[in-house]
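Each step along the sequence shown adds one to the number in numbering that gives the first Met the number 0, with nothing skipped, and position 71 is 70. Just so you know, even glycine gets a beta-carbon here, dropped at the ideal spot from N, CA and C.
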Amino acid sequence: MQPKRILIVDDEPDVRGGLRKVLEAEGFQVLEAADGKAALETASSGSPDAIVLDLMIPGVDGYQVCRELREEGFTTPVLILSARSGELDKVLGFELGADDYLTKPFGIRELLARLRALLRRASPREESRELAFGEVTIDFKRYKARRGKKAFDLYHYEVEILKLLARREGEVVPRREILKEVWGEDSFPTTRTVDFHICSLRKKLERDPARPKHILTVHGIGYRFLR
């Protein structure tokens, strides 16, 4: 089996070198970029399976790198690394298309667990290719959504959450169960991570995200999907 390729984007050579050593010891191939421009070029030419992206990089910052990748149609999982631990920083990262967010300083075991979880989620299981409800059509294989005449890109966790909720249509799915099924037991997100992704999905799929008709909140428990 071909080793997975990980693109490390960080302007500090010691950080890149340390991560390269760890990842190569775990059997990954490693690509590197020291600034935003190089990150975009390497993502295009190197076809990484996942990207570990620092936010504070020269030139085009990590947020803009993430935005441009998604606008260009890249569905590669992105794990943001940042010293910024505020909720708004995390929300912005998710809204721009990041799949996970890890605050510095971090443990290597946690980084590896999150990275492996991202790679697993990037390999969708065989199941229904499409989902249609209301004026929305979802193409799970292409990570695309359409609401009326508007088209949207979807990201790995968004797709996995939708699949889970659709399989359990009409049922209340607790946040903790969503974490377990979508992120896996060896990952370390919080229930707020689920809320961030639900918020992003509603903005794309609901005509009025503040008054959703399809992805409903059951306060204190979780979420329910209705067609």
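Comparing C-alpha distances from residue 54 to each of 148, 79, 166, 67 shows the shortest one belongs to 79. Out of 114, 84, 177, the CA that lies nearest to the CA of residue 104 is found in 84. For residue 218, the closest C-alpha among the options 174, 74, 146, 17 is that of 174. Residue 84: not part of any beta strand (DSSP E); DSSP gives it neither H nor E. Beyond the five residues adjoining it in sequence on each side, residue 121 comes within less than 6 Å, by CB distance, of 76, 155 in the same chain, given in chain order. Ranked by Cα distance from residue 100, the first of 50, 137, 24 is 50.
The criterion of a C-beta distance shorter than 7 Å is not satisfied by residue 224 and residue 90. Below 8 Å, too few C-beta pairs join the segment 92 to 99 and the segment 131 to 139 to call them touching: fewer than three. The DSSP-derived three-state label of residue 47 is coil. In terms of Cα proximity to residue 137, the closest of 22, 110, 60, 226 is 226. Here the segment 40 to 49 makes contact with the segment 4 to 18; the two share three or more CB pairs at distances below 8 Å. In this structure, the straight-line span from the alpha carbon of residue 40 to that of residue 34 is close to 10 Å. Taking the Cα positions, residue 162 is about 21 Å away from residue 149. Less than 7 Å divides the Cβ of residue 221 from the Cβ of residue 172. Less than 7 Å separates the beta-carbon of residue 200 from that of residue 157. Boundaries of the alpha helix (DSSP H) harbouring residue 159: 155 to 166, taken from the DSSP string.
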